[in-house]
Each structure stands twice: as C-alpha cells, then as structure tokens.
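What follows is a set of notes on a single structure, which appears directly below.
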Amino acid sequence: MNARTAPDAAEADATARPPLVRELLLVAGFFLVYKFGRQLATGHTAEAFRNAHRVWDLERAVHLPGEGAVQSWLLHGDTLVHLANTYYATVHFPATVALLVWLYLRRPAHYVWARRVLAALTGAALLLHLALPLAPPRMLAATGLVDTARAYGPSVYGPPQTDHLSNQFAAMPSLHFGWALMVAIGLIVATRSRWRWLWLLHPLVTLLVIVGTANHYWLDAIVAAALLGLALAVILPQTSSGGTPISLRSPHRTATTAGRVPRQLIPAEENVLVGAGR
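Its first residue numbered 69, the sequence shown is counted upward by one per residue in this note's numbering.
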C-alpha cells in the first residue's frame with residue numbers, strides 16, 4: 069500500500085495545480101488592472117489632504133500611538149533608516165510573488181486559495197483607493213514627520229506632480245501590510261514546521277517600516293488587516309476536487325500520512341472460531 073502512496077499524492081497535486089500559462093496570464097492581468105485602476109484615483113490632491121487631516125485627527129482622538137515614536141527610533145542611525153527604506157522599496161512585491169510561486173510548485177491545493185484571497189484583498193483596496201484618496205503622513209505637515217526615503221534614500225517615488233507611474237494618494241489601506249500579513253498566513257497554513265509562526269515577523273517588520281518611514285498611518289494597516297480578515301472568512305481553501313475545505317490546521321497531507329489506515333483489530337470470537345477449526 070505504501071508503494072502506491074507517492075504516485076497517488078503526486079497525481080493529486082497535479083490535479084490541484086492549475087495550468088501554468090493560464091495562471092501567469094491571470095495574475096499578470098489582475099496586477100495590470102490594479103495598476104491602471106490606481107491611476108484613476110490620482111488628481112484628487114485637495115480631497116486627499118482633507119482626508120489625511122481627518123485620519124490624523126481620528127488617530128489622536130482614539131489615542132493611537134504616534135507614528136513619530138517609530139520614526140524617532142529609526143532615525144537613531146543612518147544605516148537603520150536606510151535599511152528601512154530599502155525594505156519598503158524591495159521586499160513588498162517580490163515576497164508576494166515568491167509566496168505564490170512556492171505554493172504553486174509545492175502546495176498547489178493552497179495556491180488557488182491564496183491567489184483568490186490576495187485578489188479579493190487587492191480589489192477591495194482598489195475600491196477604497198478610489199473612494200478615499202489619502203495623502204500619506206510624509207506629505208502632511210501636521211504630522212511633523214520626515215520623508216525618510218527622500219532624505220536618506222532609496223526612494224521609489226518622485227515628486228507627486230511629476231510621478232505618473234504611481235498613485236501616492238492611495239495610502240488607505242496599506243497593501244504593503246496586507247500582502248505581508250497574507251504571506252505570513254499563507255506560509256503558516258501551508259507548512260508544518262514548529263518554526264512557521266516566525267513568519268509573522270514579516271508583517272511585524274513591514275508595519276514598523278511603513279509607519280516609521282511615514283508612508284502609512286496606523287489606520288492604513290488596521291483597515292488592511294480587517295479587509296484581509298473578511299477575505300479569509302469568505303474564501304476557504306478547497307480540496308483538489310473542489311469539495312470540503314482543507315482544514316487550516318492540517319495544511320498538507322503528505323505521501324507518508326496519506327497511505328496510513330488504522331489497523332483493524334480481529335474480534336476475540338473470530339480467533340476462537342479459527343482455532344476450533346484446525
């Protein structure tokens with residue numbers, strides 16, 4: 069029986085794995101739609117700054133910790149703030165792509181689930197960007213925060229008036245934090261290692277970076293986490309056949325465990341009858 073488990077598990081994985089070309093086109097198309105969609109929210113400068121003042125005042129009203137406390141910690145040394153800027157500029161997108169590629173290759177039954185959750189989160193974020201343009205704290209004089217990317221480098225943004233490649237008024241929600249949290253959750257769900265909970269360091273570091281570099285408010289991360297929680301509640305990981313959802317506590321059925329069946333005990337009466345017939 070054990071000799072047949074590995075081929076069976078491999079066949080199940082192959083069934084769960086969607087066609088590669090279709091997935092590449094689907095994911096690339098979605099990100100292009102999102103990129104162009106963000107551009108529709110540009111040009112609302114006055115509204116973005118009004119919303120920024122409202123968010124800043126709301127955070128103070130509910131006694132959220134000041135973003136300046138995190139930035140003061142980063143500004144203790146040029147090396148630390150430079151590392152934070154580099155993390156902000158280089159980790160966000162590659163980490164998310166790496167998650168999708170790894171799940172596609174190693175945990176295909178979880179890949180479709182993760183892709184759907186990310187798509188739902190990103191789509192909801194796009195709608196909120198359109199409905200609520202928001203200037204980041206680095207642009208708001210009332211915050212007293214430093215634009216660390218411009219002051220220390222590296223920076224992924226140019227002056228808002230000439231930057232046509234990105235929408236700098238799309239701070240709410242923070243997809244930097246939302247995607248980082250989903251990367252951690254996806255890896256925790258899809259692996260068994262006792263160390264898998266350390267993946268939560270990724271969204272934690274991301275949160276400190278986006279706040280400390282004055283690219284996002286605390287509320288940007290809170291809203292992103294709420295949207296992700298809603299997506300996770302609605303979209304459950306499915307089995308390779310599309311049936312009962314895979315348990316989040318049992319991320320992957322290995323070839324070894326898949327072939328195990330409980331040993332059945334022979335009733336005592338049956339043993340007595342066998343002996344009597346000898």
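We treat Cβ as the ideally placed atom computed from N, Cα and C, and that holds for glycine.
Determine the direct distance from the alpha carbon of residue j to that of residue i, and round the result to whole angstroms.
{"i": "G280", "j": "V138", "result": "5 Å"}
{"i": "F237", "j": "W124", "result": "15 Å"}
{"i": "A193", "j": "H160", "result": "16 Å"}
{"i": "M250", "j": "H284", "result": "18 Å"}
{"i": "H232", "j": "L269", "result": "With a pLDDT of 48 at H232, under the threshold of 50, the predicted position of this residue should be treated as unreliable, and no value is reported."}
{"i": "H121", "j": "L168", "result": "37 Å"}
{"i": "V101", "j": "R262", "result": "38 Å"}
{"i": "L202", "j": "T113", "result": "8 Å"}
{"i": "I290", "j": "G134", "result": "14 Å"}
{"i": "D146", "j": "T154", "result": "12 Å"}
{"i": "P204", "j": "H197", "result": "12 Å"}
{"i": "N235", "j": "P222", "result": "18 Å"}
{"i": "L148", "j": "L295", "result": "31 Å"}
{"i": "I256", "j": "A129", "result": "35 Å"}
{"i": "L132", "j": "R260", "result": "36 Å"}
{"i": "V180", "j": "V273", "result": "27 Å"}
{"i": "L266", "j": "L92", "result": "29 Å"}
{"i": "R264", "j": "T190", "result": "25 Å"}
{"i": "S242", "j": "G297", "result": "14 Å"}
{"i": "A282", "j": "A152", "result": "11 Å"}
{"i": "R174", "j": "L195", "result": "32 Å"}
{"i": "F245", "j": "V165", "result": "15 Å"}
{"i": "G212", "j": "K103", "result": "30 Å"}
{"i": "M207", "j": "F98", "result": "29 Å"}
{"i": "T35", "j": "P305", "result": "Because the chain is modelled from 69 through 346, residue 35 falls outside the range shown and cannot be assessed."}
{"i": "P87", "j": "W170", "result": "15 Å"}
My assumption, with CB atoms under 8 Å, is that residue i sits in contact with residue j. Please give the rounded CB distance.
{"i": "I253", "j": "Y156", "result": "Not confirmed; about 21 Å, so no contact."}
{"i": "A188", "j": "A299", "result": "4 Å"}
{"i": "E127", "j": "L287", "result": "6 Å"}
{"i": "I303", "j": "V224", "result": "Not confirmed; about 30 Å, so no contact."}
{"i": "V95", "j": "R183", "result": "7 Å"}
{"i": "H178", "j": "A258", "result": "5 Å"}
Give every residue of the same chain whose Cβ lies closer than 6 Å to the Cβ of residue i, excluding the five residues on either side of it in the sequence, and list them in chain order.
{"i": "R85", "result": "P176"}
{"i": "H361", "result": "As displayed, the chain neither begins before 69 nor continues past 346, which places residue 361 out of reach and without an answer."}
{"i": "A116", "result": "P201, L202, A203 and F237"}
{"i": "T322", "result": "Only weak support exists for where T322 lies, its pLDDT of 44 falling under 50; the coordinates are left without a value."}
{"i": "H144", "result": "none"}
{"i": "Y172", "result": "Y179"}
Using C-beta distances below 7 Å, list every residue in its chain close to residue i, excluding the 5 sequence neighbours before and after it, in chain order.
{"i": "L200", "result": "N119 and M240"}
{"i": "T325", "result": "Unreliable positioning characterises T325 in this predicted model, as indicated by a pLDDT of 44, which lies under 50. The coordinate reading is nonetheless provided below. None."}
{"i": "L333", "result": "Its pLDDT being 45, under 50, L333 is placed unreliably by the model, and nothing is read from it."}
For residue i, I'd like the list of residues in its chain whose CB is within less than 8 Å of its CB, leaving aside the five on either flank, ordered along the chain.
{"i": "A163", "result": "W247, A248, V251 and H270"}
{"i": "A209", "result": "none"}
Does the beta carbon of residue i fall short of 7 Å from some heavy atom of the ligand MG?
{"i": "G145", "result": "Ligands displayed in this structure: none; no statement on the ligand MG is therefore possible."}
### Query
Touching or not, the segment 207-218 and the segment 139-156, by the rule of three or more beta carbon pairs under 8 Å?
yes
### Task
Entirely within the segment 122-158 and at least 4 residues each: give me those alpha helix (DSSP H) ranges in chain order.
With a minimum length of 4 residues, the continuous alpha helix (DSSP H) runs that stay inside the segment 122-158 are 135-142 and 146-158.
### Task
Within the segment 225-272, note down every full alpha helix (DSSP H) run reaching 4 residues or more, in order along the chain.
Taking only runs of at least 4 residues, the alpha helix (DSSP H) segments lying wholly in the segment 225-272 are 243-258.
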